[in-house]
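Q: Just dropping this structure here.
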Amino acid sequence: MYKSKLQEFCQQNLPTLPDYSVTKEGLDHNPRFRASVTVDGLTFDGQDSFKSSKEAQNEAARLALLHFNPNHHSQSDGSSGVDGVGGVGKAVKATERSSGNRLVADEFGGNQYKNQLQMFAQKRNMDLPMYDSTRVGSPHAPTFKATVSIGGLTFESSEFFNTIKEAENAAAKAAFSSLSPEGTQEANSSFYKNLLQQFTQKEGCSMPLYKTRSVGESHLPTFSSTVEVEGENFDGESAKTKKLAEMNAAKVAWTTLNKRKLSKISAYASLSTQAQEVPGHVSTTLPSGVTVSLLQSTGKDQQDNSSLRITKIDRLGADLSTLSLFHPRTVQHLRPMQSRKPPEQHLTAFLHT
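Residue 180 in full-length UniProt numbering sits at position 180 of the sequence shown, with consecutive numbering throughout.
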């Protein structure tokens, strides 16, 4: 096939490999495909349509190969569907114009926002986006910047890229983010869900449980979601999609739980600062994360574990079983005090000597 021959030629003679784009035409039950290939900054458009994207790409590769290697035989290899040389590839050195209907084949990837922008235009019966790419730099190390026009507006990629495909995708992202902010949020819907999951794993909590409901007419539903974490429910704002509704719920849960944690840390830091003013103060952190402040005795009593006096436990509702690392009398002395004081108060206790 010409694709494999072009690939081999580029590997041996050029700094970059072929970059294919495919255009789908016609009805879904009887589609036709056109292809183009970009090689070393030059784009070659196949002049005919084919029943498969593979055949279309092979025809584009044939035109490119004829340009770079004129001595190559122009005989058909049987899979391109074209006999002889056929049309002449269109090569544009400095600026390339391409149709927004091009869909890069899955094996080449990197076309997320171009596809999303195209679907956005199709759903709203808009003209398909049109891309312009500008090449700068030396022939052996070119860079590209792209613009896309849609709905009478033009959007530009934020920087230069090594390939036209990357530049066009960046321009499509700028357009899609501006025209469909909600769509951009949905594309990033996993952000807060991932944050919440990482938070619960770090804190040893159960995994978040989402419950999503749809209301309204079937052709225009609205979704609302609730996420449960350790028996506590967090409701997110309603959204037009299930993914976005779950993201809203996850955002509320993560923001609330993280703020609560930071508030406690701030309170603990304040108490620790006060404790450091006590002479002979020692701060110890148990494996469970409970911070215990100790007062050390001097002389003979320093060798007696029972002389350690706990002045503060810097964690609300701490499990007293974690204090078993200290003298048993510590736990025996603290348990009665826990029943007399609310768990929200810090415990203060002294061992009897």
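Even glycine gets a Cβ: it sits at the ideal position worked out from N, Cα and C.
I think arginine 34 touches glycine 46, with their Cβ atoms under 8 Å apart; what is that distance to the nearest whole Å?
A: Residue 34 sits at position 34 when you count from the first residue of the sequence shown. Residue 46 sits at position 46 when you count from the first residue of the sequence shown. With 8 Å as the limit, arginine 34 and glycine 46 qualify as a contact, their Cβ atoms being about 6 Å apart.
Q: Compare the C-beta of lysine 202 with all C-beta atoms of chain D and state if any pair is closer than 8 Å.
A: Among the protein chains of the structure shown there is no chain D, as only one such chain exists.
Q: Does the distance from the C-beta atom of phenylalanine 155 to that of threonine 143 stay below 8 Å?
A: Mapped onto the sequence shown, residue 155 falls at position 155. Mapped onto the sequence shown, residue 143 falls at position 143. No.
Q: Going by beta-carbon coordinates alone, are threonine 226 and lysine 243 separated by less than 8 Å?
A: Counting from one through the sequence shown, the residue named residue 226 turns up at place 226. Counting from one through the sequence shown, the residue named residue 243 turns up at place 243. Not closer than 8 Å, so no.
Q: Mind listing, in chain order, the continuous beta strand (DSSP E) runs of no fewer than 3 residues lying wholly within the stretch 217-274?
A: Runs found: 222-229 and 232-235.
Q: Which of the three DSSP states is assigned to leucine 27 in this structure?
A: For the purposes of this step, residue 27 is taken as residue 27 along the sequence shown, with counting starting at 1. Strand.
Q: Determine the direct distance from the alpha carbon of lysine 240 to that of isoleucine 150, and round the result to whole angstroms.
A: Within the sequence shown, residue 150 is the residue found at index 150, counting from 1. Within the sequence shown, residue 240 is the residue found at index 240, counting from 1. Roughly 24 Å between the two C-alpha positions.
Q: Mapping the DSSP letters down to three states, classify arginine 32 as helix, strand or coil.
A: Translated into the one-based positions of the sequence shown, residue 32 becomes position 32. Arginine 32 falls in the strand class under three-state DSSP.
Q: Just how far apart, CA to CA, sit threonine 23 and serine 214?
A: If you number the sequence shown from 1, residue 23 lands on position 23. If you number the sequence shown from 1, residue 214 lands on position 214. Between threonine 23 and serine 214, the C-alpha separation is close to 36 Å.
Q: Residue range of the beta strand (DSSP E) that glutamate 156 falls in?
A: Translated into positions along the sequence shown, residue 156 becomes position 156. Looking at the DSSP string, the run of the beta strand (DSSP E) that includes glutamate 156 is 153-156.
Q: Return the CA-CA distance between residue 359 and proline 31, expressed in angstroms with no decimal places.
A: Nothing about residue 359 can be reported from this structure: the residues present for the chain run from 1 to 353 only.
Q: Let me check understanding here. Comparing Cα to Cα, which of Arg62, Ala60 and Asp19 lies closest to glycine 41?
A: Reading the sequence shown from its first residue, position 41 is the one you call residue 41. Among Arg62, Ala60 and Asp19, the Cα nearest to that of glycine 41 belongs to Asp19.
Q: Using only alpha-carbon positions, find the residue among Ser36, Leu179, Glu55 and Lys264 that is nearest to lysine 123.
A: One-based indexing of the sequence shown puts residue 123 at position 123. Looking at the Cα atoms, Leu179 is the closest of the given residues.
Q: Between the C-alpha atoms of proline 208 and aspartate 235, what's the straight-line distance to the nearest angstrom?
A: In the sequence shown, counting from the first residue as 1, residue 208 sits at position 208. In the sequence shown, counting from the first residue as 1, residue 235 sits at position 235. If I take the Cα positions, the gap works out to 13 Å.
Q: Classify lysine 114: buried if its beta carbon has 16 or more other beta carbons within 10 angstroms, exposed otherwise.
A: As a first step, residue 114 is located in the sequence shown; it is residue number 114 there, counting from the start. With 16 or more other Cβ atoms within 10 Å, it is buried.
Q: If you run the structure through DSSP and keep just helix, strand and coil, what is alanine 146?
A: For the purposes of this step, residue 146 is identified with residue 146 of the sequence shown, where counting begins at 1. Reduced to three states, the DSSP call for alanine 146 is strand.
Q: Within its chain, find whatever has a CB closer than 8 Å to the CB of serine 158; leave out the 5 residues flanking it on each side and keep chain order.
A: As a working mapping, residue 158 is identified with position 158 in the sequence shown. Cβ within range, chain order: Ala170 and Ala174.
Q: What are the partner residues of threonine 212, as DSSP defines its beta bridges?
A: The sequence position of residue 212 within the sequence shown is 212, counting from 1. Answer by DSSP bridge pairing, in chain order: Ser225.
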